[in-house]
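Chains as they are written, first to last, in the working numbering: chain A, 16 to 359; chain B, 16 to 359.
Cβ coordinates follow ideal geometry from the N, Cα and C atoms, glycine included.
Structure first, commentary second.
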DNA sequence: GCGCTTTCAGTAAGCGCTTTCAGAATGTTA
DNA sequence: TAACATTCTGAAAGCGCTTACTGAAAGCGC
């Protein structure tokens, strides 16, 4: 920018007839004779002076903009977590730079690199990692010098290979609890709408669910498991694929609520009623699912808290020698989308 | 940050045994002997060098972080618009700094001030203005020197008093069209869930609706109009208030989809069915309303485009002498939440 | 009233980078 | 080979700010 040139501290100092140092001190609330301070403040106001944050950062003052990177702000899950982050950031007088990668690893790394260049005091990564471990490693390589330089990194629900402070939902336990609840309703034949295998979120939720089923003597037919991206349309398509191929289940577990929403739409479009023909359960408890008809059964995660805790972690020094891991448990919430079934 | 000190260009230059200038040129892709360039690049990679964005900005290189301010990232409306903004920003290799004010004017002004300090090349304001015109004026005062300094400001759906480039949804026309459609279904008695009177979004949508009704000889009973904040809970409470006071309408128009969602929940909690007992219509067409049961009738705004166009506006020079205003029209979409009614 | 400490303003040295300018090195033409 | 044009590199001057460091003025005890 700067087609015209800006008002600088020097202009203020000259207008107030004091030295640069005095002007700086007055503006930063350090001890200065009241009379001089007033003159400086008045001059600054008159000239609509705004300090140049870059010059300030360069000269040593610490910089108050933290970076938050997520896959897609448009996704209610990320929006909710980001909301939590922003609340804590705001309370600490920090600005946040929120980036959406749209699931493009290159863009994610570019974001980290720019944040690094900005000398942001903290970077938060929200959401599952990448399918390709090479990207995960590239990210790690980008993060390493940042951490070495004193940067703080915290992560929400991310691939564990990243050795940084993390807030991790108890995906496995949550999915297991859900399985138990669903078994309790009498379901024995399940279908699962899964996501990319490489994501720990997927392996944990899917694994927890499958293992709990197995423990109860119920096996999950691999033909009833479909993969799709973690989006509404991904859920819709996965469900449609399953329907086309032949659905053989009384209950569908979608690994995320967003997918579950898509699944319900697909079911409806195929003339099947939820929960009368098929029960559907999700995971996350994004706010909207309460207002669906029927309301979605799911595993409720404290989404806001996920973000808040991550931000808090990034803001406090890690005094221990190991990375901190905060596990947050989910709670099964059975609502209208899952019905009882006669166990046969 | 910087507990430890950072790798600087000087370190790279020394490692590559060239001058600072040469290192800078090599890194910025300017003409340098291939051999030297390789040496510099290799050294930079070896040292994990990241240029300091502040130093760079200070030294004159333009800064690539734009600011976007909205009320609440958690609201699907803002998320959708912000998504559009980010897409265009990403395509132009810009980082966006997304701030959530949570409807606090002071925070909004603080954001603008920080963005100004950062010398962000552009600031985007998304969403309705404030109820108190004094805040609006304070904001204007903050924006003025920014604009004078060459900053770009664009606004989506904002109080018109701000004399900056704007993307404005055709709220009045959209609401009028909706009124016509609803009349066409036979409705004659309406209730409206409105927002704060001071917002132009409210006066336009409400005014357009009421006037069109009036033109058709239908008057809107003031007792059937309730105000509430533009949130899901705001809609829920407004609807509940109306229900308690006595609903006398066959159709409820909520000024935003988010409110409509709350209204539907309130209706349901009162044992009323949508649309059999009452029809409900919203405004905006946020993505989720398609997946509600019944799907919500609404006025569809091109939300993504709102953000995209605003970003584009902020990116292109305004060659004319007047501020640019881009009006985007909405389209009535009748879905399951509105039913036909015998006009009596 | 004289040395002493204590305030407080001013001078100047960077922070890490870009860029102008001048000079060295190379290539071109007669 | 001399004279000149053409690259390309390096030295150095800032960008706007913070912050030692320095020195002047003022307050203190004796």
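{"Check": "Are the C-beta of residue 133 (chain A) and some C-beta of chain B separated by less than 8 Å?", "Outcome": "yes"}
{"Check": "Name the chain B residues whose beta carbon is nearer than 8 Å to that of residue 88 (chain A)?", "Outcome": "88, 94, 97, 98, 101, 113"}
{"Check": "Interface residues of chain B around residue 303 (chain A) at Cβ under 7 Å?", "Outcome": "303"}
{"Check": "Residue range of the alpha helix (DSSP H) that residue 100 (chain A) falls in?", "Outcome": "91–106"}
{"Check": "So the alpha helix (DSSP H) residue 259 (chain B) belongs to, where does it begin and stop?", "Outcome": "247–260"}
{"Check": "Rounded to whole angstroms, what's the CA-CA distance from residue 27 (chain A) to residue 132 (chain B)? Just pull it up for me.", "Outcome": "16 Å"}
{"Check": "Could you tell me if the beta carbon of residue 285 (chain B) falls within a distance shorter than 7 Å of some heavy atom in the ligand ADP?", "Outcome": "Ligands are entirely absent from the displayed structure, and the ligand ADP is therefore not among its contents."}
{"Check": "Could you tell me the boundaries of the beta strand (DSSP E) in which residue 216 (chain B) lies?", "Outcome": "No beta strand (DSSP E) contains residue 216 (chain B), which is instead part of the alpha helix (DSSP H) from 215–230."}
{"Check": "In whole angstroms, give me the CA-to-CA distance for residue 24 (chain A) and residue 127 (chain B).", "Outcome": "20 Å"}
{"Check": "From residue 224 (chain B) to residue 187 (chain B), what does the alpha carbon distance come to, in whole angstroms?", "Outcome": "7 Å"}
{"Check": "Which partner residues does residue 184 (chain A) have in the DSSP bridge list?", "Outcome": "A:343"}
{"Check": "State the CB to CB distance for the pair residue 192 (chain A) and residue 314 (chain A), rounded to an integer number of angstroms; the pair is presumed to be in contact (CB under 8 Å).", "Outcome": "7 Å"}
{"Check": "Nearest to residue 63 (chain A) by CA position, among A:235, A:30, A:153, is which residue?", "Outcome": "A:30"}
{"Check": "Report yes or no: do three or more beta-carbon pairs, one from the stretch 230–243 of chain A and one from the stretch 198–216 of chain A, lie closer than 8 Å?", "Outcome": "yes"}
{"Check": "I want to see whether chain B comes within less than 8 Å of residue 351 (chain A), judged by CB atoms only; does it?", "Outcome": "no"}
{"Check": "Closest by CA to residue 198 (chain B), which one among B:357, B:36, B:117?", "Outcome": "B:357"}
{"Check": "Just grab the DSSP bridge partners of residue 241 (chain A) for me.", "Outcome": "A:208"}
{"Check": "What is the rounded straight-line gap between the Cα of residue 17 (chain B) and the Cα of residue 108 (chain A)?", "Outcome": "In this predicted model, residue 17 (chain B) has a pLDDT of only 37, less than 50, meaning its place in the structure is not dependable; the value taken from the coordinates is given anyway. Each residue's Cα considered, the two are about 20 Å apart."}
{"Check": "Which residue from B:296, B:104, B:106 puts its Cα closest to that of residue 310 (chain B)?", "Outcome": "B:296"}
{"Check": "Going by DSSP, name the residue or residues bridged to residue 114 (chain B).", "Outcome": "B:84"}
{"Check": "So, is the C-beta of residue 335 (chain A) closer than 8 Å to a C-beta in chain B?", "Outcome": "no"}
{"Check": "Please state whether the Cβ-Cβ distance between residue 80 (chain B) and residue 112 (chain A) is less than 8 Å.", "Outcome": "yes"}
{"Check": "Compute the Euclidean distance between the alpha carbons of residue 359 (chain A) and residue 234 (chain A), then round it to the nearest angstrom.", "Outcome": "Reliability of the predicted coordinates at residue 359 (chain A) is poor, the pLDDT of 47 falling under 50, and the value obtained from them is presented with this limitation in mind. Whole-angstrom Cα-Cα distance: 15 Å."}
{"Check": "Just tell me which of A:228, A:280, A:137 has its CA closest to the CA of residue 84 (chain A).", "Outcome": "A:137"}
{"Check": "Could you compute how far the alpha carbon of residue 55 (chain A) sits from the alpha carbon of residue 106 (chain A)?", "Outcome": "29 Å"}
{"Check": "Let me know the secondary structure DSSP gives residue 15 (chain A) once reduced to three states.", "Outcome": "Outside the displayed span of chain A (16 to 359) sits residue 15 (chain A), for which this structure offers no information."}
{"Check": "What residues in the stretch 152–174 of chain A bring their beta carbon closer than 7 Å to a beta carbon of chain B?", "Outcome": "160, 163, 164, 165, 166"}
{"Check": "From residue 42 (chain B) to residue 35 (chain B), what distance separates their C-alpha atoms?", "Outcome": "11 Å"}
{"Check": "Could you tell me which of A:273, A:303, A:302, A:307 sits nearest to residue 289 (chain A), measuring between CA atoms?", "Outcome": "A:307"}
{"Check": "Quick test of the definition: if touching needs 3 or more C-beta pairs under 8 Å, does the stretch 82–100 of chain A touch the stretch 138–150 of chain A?", "Outcome": "yes"}
{"Check": "Quick one: residues in its chain with C-beta nearer than 7 Å to the C-beta of residue 348 (chain A), no 5 flanking neighbours on either side, listed in chain order?", "Outcome": "300, 312, 313, 315"}
{"Check": "Quick one: does residue 228 (chain B) have its CB under 8 Å from some CB of chain A?", "Outcome": "no"}
{"Check": "Is the CB-CB distance between residue 92 (chain B) and residue 216 (chain B) below 8 Å?", "Outcome": "no"}
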